[in-house]
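Novice: Sharing a structure below in structure tokens format, with a few things to ask.
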Amino acid sequence: MILYPSVDKLLERVDSRYKLIALGAKRAHELEQGALPTLPEFESVKPIGKAFEEIEAGNVVIDPTPAKLDD
């Protein structure tokens, strides 16, 4: 269970729990692979916590353009 940032605060940024988990997992993986963080410091030690902090800050968002499927 995560305590910070709170799930309620995160859901203000992302409109569903499924999307929140997918976005957080993807960003955490990027951070583990050496991506540059978008915040100068974090309260969390683990990559998933850092990802959620970036989401709460509004620095990591889901691409608003819909994906095109090839026919």
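FYI, in our numbering the residues of the sequence shown are 52 to 122.
Glycine included, each C-beta is placed from N, C-alpha and C at the ideal position.
State whether the segment 81–89 contacts the segment 60–70, with contact taken as three or more CB pairs (one from each stretch) at a distance under 8 Å.
Specialist: As far as the Cβ criterion goes, the segment 81–89 does not touch the segment 60–70, which means the pair count is below three.
Novice: Taking the alpha carbon of residue 113 as the point to measure from, which residue in 55, 81 and 73 has its own alpha carbon closest?
Specialist: With distances taken between Cα atoms, residue 113 lies closest to 73.
Novice: Tell me the residue span of the alpha helix (DSSP H) that contains residue 69.
Specialist: Where residue 69 is concerned, the enclosing alpha helix (DSSP H) stretches over 68–83.
Novice: Rounded to the nearest angstrom, what separates residue 80 and residue 109 at their Cα positions?
Specialist: Spanning the two alpha carbons is a distance of roughly 18 Å.
Novice: Is residue 102 helix, strand or coil by DSSP?
Specialist: It is helical.
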